[in-house]
Amino acid sequence: MRKRALASLLTTAVFLFLHPPPAHAAGLIAENWPVPDHLPEFRVTGVIDGYTINVESLGPVAYHGLVRDQEEGVPASGLPDLTGKTVRVEKAAPVTSDGPTSGYVFADTVFINAYLVETGRAKTNLTLEDKYGGLFYLLQEKAKKKGLGLWAPEAPTFPSGGEEKAIVYITKTGTRYHQAGCRYLPAETSALTLAEAVARGYTPCRVCQPPGTVGGEETGL
Numbered sequence: 269m270r271k272r273a274l275a276s277l278l279t280t281a282v283f284l285f286l287h288p289p290p291a292h293a294a295g296l297i298a299e300n301w302p303v304p305d306h307l308p309e310f311r312v313t314g315v316i317d318g319y320t321i322n323v324e325s326l327g328p329v330a331y332h333g334l335v336r337d338q339e340e341g342v343p344a345s346g347l348p349d350l351t352g353k354t355v356r357v358e359k360a361a362p363v364t365s366d367g368p369t370s371g372y373v374f375a376d377t378v379f380i381n382a383y384l385v386e387t388g389r390a391k392t393n394l395t396l397e398d399k400y401g402g403l404f405y406l407l408q409e410k411a412k413k414k415g416l417g418l419w420a421p422e423a424p425t426f427p428s429g430g431e432e433k434a435i436v437y438i439t440k441t442g443t444r445y446h447q448a449g450c451r452y453l454p455a456e457t458s459a460l461t462l463a464e465a466v467a468r469g470y471t472p473c474r475v476c477q478p479p480g481t482v483g484g485e486e487t488g489l
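First residue of the sequence shown: 269, per this note's numbering; consecutive thereafter.
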């Protein structure tokens, strides 16, 4: 088992060495992935959330290999809007009657699942033995090193006068503070100033990016 995992990681590393992204690609490997021409094409009819799209003939398709976590989900900003575009879907798990298709999605030369991991917009739950597991591991380590998206520094700063007095919201059980309108805020919340939230150990929600959020993100598609 360990040998297979090491072989997967080595194969991925060799592939990336032999197929570096072109100079105009801004270093994003996922934006220049070889298109799997043998996969059927489908039209995207809508984006359900940061993890799932709606595809003609298939219905909901969830991006395989990504961690789904309400507190540390895919940030709302910078997500690729695939509505109306043609994609190729590589199914990664058997389809169940009560759930979406789970698969790898390719839009032109962009490997969407890998793009979300590489830009820090999602974490992967693949192992090195999974298909693309070695690739996702390397891309996640790259995002960590650069401090992108979910891997951005936690400590908030107050660059503008009075920002520490901004009102933010917390939940009974969560560890993050949010701004009004965040999709992860339940009906029952508590309001407090940003300074108070930070003093009590709360960290900014990575989805709504309230005042005090630090670390920029790369642009989307």
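Cβ atoms here follow ideal geometry from the backbone N, Cα and C, with glycine treated the same way.
Quiz item: Since glutamate 299 is in the alpha helix (DSSP H), which residue starts that stretch and which ends it?
Solution: That residue, glutamate 299, is in no alpha helix (DSSP H); it is neither H nor E in DSSP.
Quiz item: For leucine 394, which option in Gly388, Leu403 and Thr387 has the closest C-alpha, if you only look at C-alpha atoms?
Solution: Leu403
Quiz item: Cβ of alanine 420 within 9 Å of Cβ of proline 478?
Solution: no
Quiz item: Where does lysine 353 sit, in a helix, a strand or coil, going by DSSP?
Solution: coil
Practice problem: Determine the extent of the beta strand (DSSP E) in which alanine 375 is found, giving its start and end residues. | Solution: 369-375
Exercise. Identify, in the order they occur along the chain, each residue of the same chain with its Cβ nearer than 7 Å to the Cβ of leucine 350, setting aside the five sequence neighbours on each side.
Key: Val312, Val315, Ile321 and Ala375
Self-check item: Among Thr439, Ala465, Thr387 and Val466, nearest to leucine 453 - alpha-carbon criterion
Solution: Thr439
Quiz prompt | Boundaries (first-last residue) of the alpha helix (DSSP H) holding glycine 209 | solution = This structure cannot speak to residue 209, because the chain is shown only from 269 to 489.
Exercise. Compute the Euclidean distance between the alpha carbons of glutamate 432 and threonine 461, then round it to the nearest angstrom.
Key: 7 Å
Self-check item: For glutamate 299 and valine 385, believed in contact at Cβ under 8 Å, the rounded distance
Solution: Valine 385 to glutamate 299, Cβ: 13 Å. No contact.
Practice problem: Rounded to whole angstroms, what's the CA-CA distance from proline 290 to leucine 416? Just pull it up for me. | Solution: For proline 290, the predicted model reports a pLDDT of 39, less than 50, meaning its position is unreliable and no value from the coordinates is stated.
Quiz item: Taking all protein chains shown into account, do 16 or more other C-beta atoms lie within 10 angstroms of the C-beta of proline 368, making it buried, or fewer, making it exposed?
Solution: buried
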